[in-house]
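Under mature numbering (1 follows the signal peptide of the UniProt record, and there is no 0), read the sequence shown as residues -29 to -1, 1 to 276, first letter to last. All remarks here apply to the structure that follows.
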Amino acid sequence: MPLEKMMSKVGYVLFLALNLIILVRVSDSVVPEEEVEALQEIMELMGTTNWRLNGKSCQLEVISEVQKPHPEADARVECDINCNNGNSSNCHVVSITHKYYSLGGVLPPDLVKLPHLHTIDFAFNYLGGTIPSELGSIPLQSISLLGNRFSGEIPGELGNITTLTYLNLEANNFSGTVPSELGRLINLQALILSSNRLTGTLPASFAELRNLKDFRISDNNFSGSIPNFIQNWRQISKLEMIGTGLQGPIPSNISLLQDLTDLRICEVSGSTQGFPSLDSATNLQTVVLRSCNISGEIPAYIWQK
């Protein structure tokens, strides 16, 4: 065989071998390497070095054990359904849960490096600082920062996440007014802002939150009256306003909220009023109306619910 042809065949074999090696290396990681690296950076900035994401299985692997974790501690990462189908080109991190692990870092802007993320749950840690405005560019569906040490104002950029259905910022140190931009979250079903240091009035834009089912703003320093626009929340089932700083009276149009199951309005100053009309809320299970300057008798239908 001529030397030239032999070299040509050898070159072709080497070309195939190199491509095979490249293919093997690509298929080694189901989750894109840039997302694996981004998640590692995010976790380190949040204050944990105990875990590492396995790009093949999309599972967190323990690097070093956590000393006596809380009985409800939960640390996991979820990837989209394409990962189970072996479709590595469309396999992405979509959910991060890391709660009850005493994380003492910050919420990093690097979360934008996970563009397919739809759920973050970092409840019950010691995360501090502010919420990065960059979070508003991720198409999230659920955010839980419950029970941390976040401070500063709630960024208006969160109003850009129109895919959001659940937002829980309870038990932090947020201050300032609630941004009117949150009224753009037309798909929001739960908004929980209790136990912060929020001030000012509730934004008029909240009248557009017509899909709300759960609204809680207790233990804050709001001003103004309980807004009449709550009549727009026809799907609301849980409404909690205890020690909010808001004044009464309780709007009479609360009678339009027929899906209420849990109503708690307490410590509301203002003029004396009669018992609010709740007879249309046929599924009402819990009613707490303490220190609301209500006079007169409790309607008989309340005892029949």
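In this text, a Cβ means the ideal position worked out from N, Cα and C, and glycines have one as well.
| Check | Outcome |
| --- | --- |
| Would you check if the stretch 117 to 132 and the stretch 36 to 54 touch, i.e. whether three or more CB-CB distances between them fall below 8 Å? | no |
| Hey, quick one: how far does the alpha helix (DSSP H) through V7 stretch, first residue to last? | E4 to M17 |
| DSSP beta-bridge partners for L31? | L24 |
| Within 10 Å of its beta-carbon, does Y72 have 16 or more other beta-carbons around it, so buried, or fewer, so exposed? | buried |
| Using CA coordinates, which residue listed in V259, M14 and I201 is at the minimum distance from G75? | M14 |
| Grab me the residues of V1's own chain with a C-beta within less than 7 Å of its C-beta, minus the 5 sequence neighbours each way, in chain order. | G26, K27, C29, C54, S59 and C62 |
| Out of curiosity, what's the CA-to-CA distance linking L98 and W204? | 32 Å |
| Taking S115 as the reference, which of Q256, S66 and I273 has the closest Cα? | S66 |
| Return the chain-ordered ranges of every beta strand (DSSP E) run that is complete within the stretch 215 to 250 and spans a minimum of 3 residues. | 233 to 237 |
| Looking at the strands, I want to know which residues DSSP matches up with E49. | S66 |
| Look at P150 and G127 and say whether their C-beta atoms are less than 8 Å apart. | yes |
| Distance check for R187 and A142, CA to CA, integer angstroms please. | 12 Å |
| What is the residue span of the beta strand (DSSP E) that I114 lies within? | S113 to S115 |
| Report the CB separation of R155 from G130 in whole angstroms; it is logged as a contact under 8 Å. | 4 Å |
| Tell me whether I207 is buried or exposed, calling it buried when 16 or more other Cβ atoms sit within 10 Å of its Cβ. | buried |
| Taking the DSSP output, what are the residues bridged to F186? | L162 and L210 |
| Looking at C-alpha atoms only, which residue of D45, T232 and V64 is the closest neighbour of H254? | Note on identity: in this sequence residue 254 is Asn, with His being the wrong assignment. The candidate whose alpha carbon is nearest that of N254 is T232. |
| Assuming E21 and V7 form a contact by the criterion Cβ under 8 Å, report the distance between their Cβ atoms to the nearest whole angstrom. | Note that residue 21 corresponds to Asn in the displayed sequence, not to Glu. Wrong, their Cβ atoms sit about 16 Å apart, outside the cutoff. |
| Specify the secondary structure class of L85 as computed by DSSP and reduced to three states. | coil |
| In angstroms with no decimal places, state the Cα-to-Cα distance between D190 and L162. | 14 Å |
| Checking the sheet assignment: what are the DSSP bridge partners for T148? | T170 |
| Below 8 Å on the Cβ atoms is my guess for G216 versus S194; work out the distance and round it to an integer in Å. | 6 Å |
| Excluding five sequence neighbours on each side, which residues of the same chain lie with their C-beta closer than 7 Å to the C-beta of D81? | A9, E12, I13 and L16 |
| If you reduce the DSSP assignment to three classes, tell me which class L140 lands in. | coil |
| For A271, which of S248, T101 and C263 has the nearest alpha-carbon? | S248 |
| Check each candidate in N192, I157 and H41 and name the one with the smallest Cα separation from S176. | I157 |
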